[in-house]
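Numbering (our numbering), first residue to last: 4 to 334. Where is the CB? At the ideal position from N, CA and C, for every residue including glycine. Take a look at the structure below.
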Amino acid sequence: MSFQEITKILDESDAKLVVLLCHHNADPDAICSAYAFASLLKHFRQNLEVEIGAAQGISRLSRHLLKHLPIEVKMQPNVENADAMVLLDTNTVQQLNNLAEKVKKAKAPIIVIDHHAAHPETEQLAKLCITNEEASSTCEIVYGFYKQMDIKPGEHEAKALFLGIAFDTRHFVLANSSTLKTVAELIEAGVNAKEALSLLSLPMDFSERVARLKASRRAKIFKIGEWIIAFSHVSAYQASAARAIIDLGAHVAVVAGQKNENLEISLRSTREFYEKTGIHLGRDVAKPLGEYLRGMGGGHSTAAGVNGLGDVETGFKRCLRLLKGKLLTHN
4 MSFQEITKIL DESDAKLVVL LCHHNADPDA ICSAYAFASL LKHFRQNLEV EIGAAQGISR
64 LSRHLLKHLP IEVKMQPNVE NADAMVLLDT NTVQQLNNLA EKVKKAKAPI IVIDHHAAHP
124 ETEQLAKLCI TNEEASSTCE IVYGFYKQMD IKPGEHEAKA LFLGIAFDTR HFVLANSSTL
184 KTVAELIEAG VNAKEALSLL SLPMDFSERV ARLKASRRAK IFKIGEWIIA FSHVSAYQAS
244 AARAIIDLGA HVAVVAGQKN ENLEISLRST REFYEKTGIH LGRDVAKPLG EYLRGMGGGH
304 STAAGVNGLG DVETGFKRCL RLLKGKLLTH N
């Protein structure tokens with residue numbers, strides 16, 4: 004898959020406005036990949052108008068990064084008038100929340116760029132899907148486009164790409180050799196690694212600390228074979244709470260939050276769990292769980308999310324059944 008295929012679609016659509024869309028609560032990989040991709044598009048189409056939009060806002064850390072990068076993110080992007088739309092770091096249309104229906108109804112071609120496998124429904128909607136699960140981040144894929152076109156990213160673009168990769172690899176803990184080569188090239192392009200990494204360290208606010216502690220206290224622990232699986236629930240910061248439970252010693256953490264009938268579930272696992280069992284949280288657990296809850300799920304091998312309808316206990320029971328089934332098959 005190449006950048007030329009993207010520009011071909013834009014040419015066929017006679018695109019004047021391209022809207023780049025990021026998932027709800029957009030993280031640094033999402034907004035930074037969108038920013039660097041927008042710059043690359045405008046390098047070849049100088050008269051092109053490009054908007055970056057995020058469904059229901061961006062994360063606290065992303066807001067912090069916007070103080071150090073010239074990125075403008077619109078909460079109400081002009082989806083209706085877009086000549087083409089690009090979903091970045093967003094493998095399901097449902098992750099666009101309040102924008103999902105507008106995107107589905109739009110006649111503009113949809114392009115997906117992500118390091119997660121695209122959801123089947125999204126694949127049907129999209130004119131082009133560029134996905135690579137071997138990539139550490141969507142920023143790494145976007146940097147690949149710069150390489151294809153023999154374009155050196157500018158100072159701000161290089162910094163954005165570096166930050167997105169650093170965030171999604173947990174400061175390079177999850178980086179492979181190709182990722183580290185990319186990082187080295189971005190540093191050669193002028194990124195001050197020490198300074199950039201310091202931007203990803205935000206002091207945890209009080210409510211997030213409380214959510215992590217509550218989730219840890221409420222955790223129900225199951226042992227399946229050699230694996231410790233923990234289930235918990237909090238009203239906010241489910242992803243942070245799941246990471247905290249993994250750091251405490253669980254191999255898999257499933258943390259839910261419920262608002263009325265809407266259920267949000269964050270799943271995390273250790274790298275060891277994935278490598279030894281082959282269980283991909285996004286594909287093997289979140290996707291079928293999302294379908295069961297009449298919603299949608301997906302994500303990485305060791306980090307995934309689900310949005311659906313129902314109560315916490317129903318979600319947990321189904322999730323445990325899916326995990327048990329996969330572990331028994333593995334054994």
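So which of A138, A161, S140 and S139 has the shortest CA-CA distance to Y149?
The count along the sequence shown starts at 1 and reaches residue 149 at position 146. Checking every option, the nearest Cα to that of Y149 belongs to A161.
With a cut-off of 8 Å on the beta carbons, I'd call V145 and S36 a contact; round off their distance for me.
The residue labelled residue 145 in the question sits at position 142 within the sequence shown. The residue labelled residue 36 in the question sits at position 33 within the sequence shown. The beta-carbon separation of V145 and S36, rounded to 5 Å, stays under the 8 Å limit for a contact.
Proximal residues to I154 (C-beta, below 7 Å), its chain only, five neighbours per side dropped:
Taking the first residue of the sequence shown as 1, we reach residue 154 at position 151. Leaving aside the five residues that flank I154 on each side, the residues in its chain whose CB is nearer than 7 Å to its CB run, in chain order, L43 and H46.
Starting from the Cα of L251, find the closest Cα among S272, I268 and K279 and give me that residue.
Start at 1 with the first residue of the sequence shown, and residue 251 comes out as number 248. Looking at S272, I268 and K279, the one whose alpha-carbon comes closest to that of L251 is S272.
Assign Q97 to one of two classes, buried (16 or more other C-beta atoms within 10 Å of its C-beta) or exposed (fewer than that).
For the purposes of this step, residue 97 is taken as residue 94 along the sequence shown, with counting starting at 1. Buried, since its Cβ has 16 or more Cβ neighbours within 10 Å.
In whole angstroms, give me the CA-to-CA distance for A192 and V21.
Position 189 of the sequence shown, counted from the start, is the residue given in the question as residue 192. Position 18 of the sequence shown, counted from the start, is the residue given in the question as residue 21. Between A192 and V21, the alpha-carbon positions lie close to 27 Å from each other.
Pull up the CB-CB distance for I74 and A57, whole angstroms please, since I reckon it's below 8 Å.
Mapped onto the sequence shown, residue 74 falls at position 71. Mapped onto the sequence shown, residue 57 falls at position 54. Between A57 and I74 the Cβ distance is about 11 Å, and since that is not below 8 Å, they are no contact.
What residue does the alpha helix (DSSP H) around V89 start on, and which one ends it?
The count along the sequence shown starts at 1 and reaches residue 89 at position 86. Here V89 belongs to no alpha helix (DSSP H); instead the beta strand (DSSP E) covers A87 to L91.
Which word fits A187, buried or exposed, when buried means at least 16 other C-beta atoms lie within 10 angstroms of its C-beta?
Within the sequence shown, numbered from 1, the residue matching residue 187 stands at position 184. Burial is judged here by how many other beta carbons sit within 10 angstroms of a residue's own beta carbon; A187 has fewer than 16 and is exposed.
T125 burial status per 10 Å Cβ neighbour count (16 or more: buried):
Taking the sequence shown and counting its residues from 1, the one referred to as residue 125 is at position 122. Residue environment: T125 is assigned as buried (16 or more neighbouring CB atoms within 10 Å of its CB, all protein chains considered).
Would you grab the beta carbon distance between H119 and H303 for me? Rounded to a whole angstrom, and I think it's under 8 Å.
Numbered from 1 along the sequence shown, position 116 holds the residue referred to as residue 119. Numbered from 1 along the sequence shown, position 300 holds the residue referred to as residue 303. The C-beta distance from H119 to H303 rounds to 6 Å, short enough to meet the 8 Å contact threshold.
Would you kindly check if the distance between the Cβ of F170 and the Cβ of P31 is under 8 Å?
As a first step, residue 31 is located in the sequence shown; it is residue number 28 there, counting from the start. As a first step, residue 170 is located in the sequence shown; it is residue number 167 there, counting from the start. Result yes, Cβ atoms of P31 and F170 sit closer than 8 Å.
DSSP puts M299 in a beta bridge; with which residues?
As a first step, residue 299 is located in the sequence shown; it is residue number 296 there, counting from the start. As a beta-bridge residue in DSSP terms, M299 pairs with N310.
Compare the C-alpha of N179 against each of K70, G293 and S139 and name the closest.
Locating residue 179 in the sequence shown gives position 176, where the first residue counts as 1. Comparing Cα positions, the closest option is S139.
Give the DSSP-derived three-state secondary structure of S235 in the structure shown.
Sequence index remark: in the sequence shown, residue 235 carries index 232 (1-based). In the three-state scheme derived from DSSP, where H, G and I count as helix and E and B as strand, S235 is classed as strand.
CB-CB length for T280 against L331, believed under 8 Å:
Looking up residue 280 in the sequence shown gives position 277. Looking up residue 331 in the sequence shown gives position 328. Rounded, the Cβ-Cβ distance is 11 Å, inconsistent with contact.
Exposed or buried, which one is M88 when buried takes at least 16 other CB atoms within 10 Å?
As a working note, residue 88 is residue 85 in the sequence shown. Answer is buried; the Cβ neighbour count reaches 16.
Residue environment, G308, which counts as buried when at least 16 other CB atoms sit within 10 Å
Against the sequence shown, residue 308 aligns to sequence position 305. Buried, because 16 or more other Cβ atoms sit within 10 Å of the Cβ of G308.
When you compare the segment 233-240 with the segment 290-301, are there three or more beta-carbon pairs, one atom per stretch, that lie closer than 8 Å?
No contact exists between the segment 233-240 and the segment 290-301.
CA nearest to the CA of A244, picked from I231, G260 and W230
By one-based count along the sequence shown, residue 244 stands at place 241. Comparing Cα positions, the closest option is G260.
Is the beta carbon of N28 closer than 8 Å to that of Q79?
Sequence index remark: in the sequence shown, residue 79 carries index 76 (1-based). Sequence index remark: in the sequence shown, residue 28 carries index 25 (1-based). Not closer than 8 Å, so no.
State buried or exposed for K320, treating a residue as buried only when at least 16 other CB atoms are found within 10 Å of its CB.
Residue numbering aside, residue 320 sits at position 317 when the sequence shown is read from its first letter. The residue is exposed, with fewer than 16 neighbouring Cβ atoms inside 10 Å.
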